[in-house]
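Residue numbers (our numbering): 1297 to 1642.
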């Protein structure tokens, strides 16, 4: 194997919980620095992980000798500043989803990465879960033209003010909300199967309006914890994406895809059911739905794109595709009308 890629992790949320441990275990990578906006926090994370540098100075992080890549896992509204600066220094960029807070900013990030001639990947890692990979494969094989496609998640992790501490995820000004956390993954899934969306509609809600901080204060929640999204596919068929994070009893993902030639389903036991017209549905599984294993696949794709020139996956183009629908849904929610996503070209 080639020398491991020296990578820095920017952000102490997902970056600390998932990205950093995965990179540390992979022979393909060598984590060398971590950034947090809180200097003490950054130093503690670096010390715990055995990394040479923990800093709140982004320029210091970018100046680490031999650094080749960064993983940006900060609030969505800050993606653009970190990604553009990293690309300008000739560093490869792994960016969390959605790519940015707006399609305009996402295009700016893509332009900066392309101008620099570096590799860019967007972490739509849930697509890499074995369960969802199989849903996509079977749907492409047997479903045909869409009639109805739905993705539903019911969670209890935000049911009370004390169930999850207040973070940027609960602040709409920072791009928070469950739509950016989960909904964009489900949009990515549907767009992998049915990429041509004619128009969208949406409704979002804040079910638990206050949440306690780690210091015990109650802060107002402005980012949605529930949503219902409606997609109209060009040529016919509807897509429905729903989530409630404040239920008293949760369940796993349920995915149902009905087409003119067949059916594919994922139940909450992580079994994939599928069948063509005239066949009984047959099941596979339970399959692996691990988010950590899924991100491991994304990381290895990133390595292959950098070292071997493989096609980046999930790609910047796919990030823009989801971003256009994401932006249209935000507009649809605010204006209470159908909205056509802006066309995105490679």
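Glycine is no exception: its CB is placed at the ideal position from the N, C-alpha and C atoms. Predicted model, so just to flag it, every value in this text is computed and none were measured.
Judged by DSSP secondary structure, residue 1437 falls within the alpha helix (DSSP H) whose first and last residues are 1426-1438. Take residue 1483, set aside five residues on each side of it, and the residues of its chain with a beta-carbon closer than 6 Å to its own are 1618, 1621, in chain order.
Contact between the stretch 1529-1549 and the stretch 1411-1419 is not established, with fewer than three Cβ pairs separated by less than 8 Å. Residue range 1480-1489 is occupied by the alpha helix (DSSP H) that includes residue 1484.
For residue 1456, the closest C-alpha among the options 1504, 1474, 1324, 1321 is that of 1504. Here residue 1406 has 1612 as same chain residues with Cβ atoms under 6 Å from its own Cβ, once five neighbours each way along the sequence are excluded. Contact between residue 1434 and residue 1481 does not hold, since the beta-carbon distance rounds to 18 Å and is not under 8 Å.
Counting only runs of 4 or more residues that sit fully inside the stretch 1302-1377, the alpha helix (DSSP H) segments are 1316-1321, 1335-1345, 1354-1358, in chain order. DSSP places residue 1617 in no beta strand (DSSP E) but in the uninterrupted alpha helix (DSSP H) bounded by 1612-1631.
When the five nearest sequence neighbours on each side are left out, the beta carbons in the same chain lying within less than 7 Å of the beta carbon of residue 1629 are those of 1498, 1499, 1500, in order along the chain. In terms of CA proximity to residue 1428, 1580 leads the group 1351, 1598, 1342, 1580.
Rounded to the nearest whole angstrom, the CA to CA distance from residue 1509 to residue 1462 is 5 Å. Ranked by Cα distance from residue 1595, the options 1418, 1448, 1520 are led by 1418. With distances taken between CA atoms, residue 1340 lies nearest to 1308 out of 1308, 1317, 1367.
Burial check for residue 1570: the Cβ neighbour count within 10 Å reaches 16 or more, so the residue is buried. Annotated as distal: residue 1582 and residue 1563, with beta-carbon spacing of 7 Å or more. Your pair residue 1470 and residue 1314 does not check out as a contact, with CB atoms roughly 20 Å apart and the cut at 8 Å. DSSP, reduced to helix, strand and coil, places residue 1398 outside both helices and strands of the structure shown, so it counts as coil. Look at residue 1404 here: in three-state DSSP terms it is helix. If you draw a straight line from the Cα of residue 1399 to the Cα of residue 1616, it comes to about 7 Å.
Around the beta carbon of residue 1626, 16 or more other beta carbons lie within 10 angstroms, which makes this residue buried. Sequence-distant partners of residue 1302 (beyond 5 residues in either direction) whose C-beta falls short of 7 Å from its own C-beta, in its chain, are 1326, 1328, 1362, 1363, 1364. Look at residue 1538 here: in three-state DSSP terms it is strand. Excluding its 5 nearest sequence neighbours in each direction, residue 1588 has C-beta neighbours in its own chain below 7 Å: 1314, 1318, listed in chain order. About 12 Å separates the beta carbons of residue 1487 and residue 1447, which is beyond the 8 Å limit, so they are not a contact pair. CA-CA distance, residue 1445 to residue 1551, rounds to 8 Å.
According to the DSSP secondary-structure assignment, residue 1448 is paired through a beta bridge with 1538, 1550.
Distance from the CA atom of residue 1459 to the CA atom of residue 1502, rounded to whole angstroms, is 15 Å.
Less than 7 Å divides the Cβ of residue 1338 from the Cβ of residue 1351. Taking 8 Å as the upper bound for CB-CB distance, residue 1496 and residue 1624 are in contact here, some 5 Å apart. Excluding the 5 residues flanking it on each side, residue 1610 has same chain C-beta neighbours closer than 6 Å at 1418, 1420, in chain order.
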